[in-house]
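Be aware that the sequence shown starts at 32, since it is given in this note's numbering, and climbs by one per residue. Below is one structure, written out as structure tokens, with a few remarks after it.
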Amino acid sequence: MRLDTLSTNETPEGISIELRCAGVMPRAAAWIVDSMVHMGMLWVGLIAFAMFGEAGEGLAYLLVFVCAWGYNVAFEVLGSGRTPGKRALGLQVVMQNGAPIGWLASITRNLLRVIDALPFCYGFGALCCMVDPKFRRLGDLVAGSMVVHVPRPSATYL
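The structure is reproduced here in structure tokens:
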């Protein structure tokens with residue numbers, strides 16, 4: 032197993048950049064934070080929709096679908112590759128060349144989350160992360176993306 036998480040990648044312009052790949056534990060911690068956000072959204076939404084009877088039941092199913100399938104994609108594409116969990120842990124999803132992730136890649140990586148979650152608790156995804164030198168799960172491998180640590184801005188003093 033590699034201890035160095037530094038990955039040197041070349042941009043389409045021929046410029047080499049170094050990205051620090053995120054391993055299994057920071058990614059798992061970000062997933063836990065995102066799961067808590069999901070539960071909060073569902074809890075508030077389901078309580079609100081319970082007042083609307085059968086129509087509320089339909090809205091509740093829609094909310095569950097959006098949380099399960101749209102949350103990650105929307106935050107990754109519209110939030111600079113960072114869900115609230117990734118933002119809290121200083122992580123970001125990018126393409127392998129360091130470019131921002133797009134709609135197609137984000138949808139692809141998140142659709143394959145179902146396979147990564149097998150047999151339970153992201154067992155297959157964790158195994159893929161431990162085997163791949165850039166700690167990518169199957170969804171990342173297919174989409175051509177990776178999760179990296181975001182460099183913290185250094186403090187400047189005048």
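Even glycine gets a Cβ: it sits at the ideal position worked out from N, Cα and C.
Identified DSSP bridge partners for residue i
i: H69; result: Note: H69 sits in no beta bridge, so no partner.
i: L50; result: S38
i: L122; result: H180
i: P131; result: V125
Cβ neighbours of residue i in the same chain (closer than 7 Å, five flanking residues each side left out)
i: I146; result: F155 and L169
i: P43; result: N128
i: P150; result: none
Residue i classed as buried or exposed, judged by whether at least 16 other C-beta atoms fall within 10 angstroms
i: Y153; result: buried
i: W134; result: exposed
i: A83; result: The sequence as given places Phe at residue 83; Ala does not occur at that position. Looking at its Cβ environment, which holds fewer than 16 other Cβ atoms inside 10 Å, F83 is exposed.
i: I46; result: exposed
i: A53; result: buried
i: F166; result: buried
i: P184; result: exposed
Residue closest to residue i, alpha-carbon to alpha-carbon, out of the options
i: S176; options: A148, V124, P150 and L158; result: V124
i: L50; options: R58, P57, S38 and A60; result: S38
i: A130; options: G89, G121 and V178; result: V178
i: I48; options: L158, G71, W100 and M126; result: M126
i: I132; options: G87, S111 and L149; result: S111
Residues near residue i in its chain [Cβ-Cβ closer than 6 Å; skip 5 each side]
i: V108; result: W134 and S137
i: A61; result: G116, K117, L120 and L122
i: D163; result: none
i: P182; result: none
i: C160; result: V55, F166 and R168
i: A157; result: V55
i: T36; result: R51 and C52
Nonlocal neighbours in the same chain, by C-beta distance under 8 Å from residue i, ignoring five residues either side
i: L73; result: L94, V95 and C98
i: V173; result: T139, R140 and L143
Interface flag, residue i vs chain D, CB-CB below 7 Å
i: A136; result: Annotation note: the requested chain D is absent from the structure, which comprises a single protein chain.
* To do: Inspect the CB distances between the stretch 93-113 and the stretch 132-142 and report whether three or more fall short of 8 Å.
  => yes
* To do: Inspect the CB distances between the stretch 52-67 and the stretch 109-116 and report whether three or more fall short of 8 Å.
  => yes
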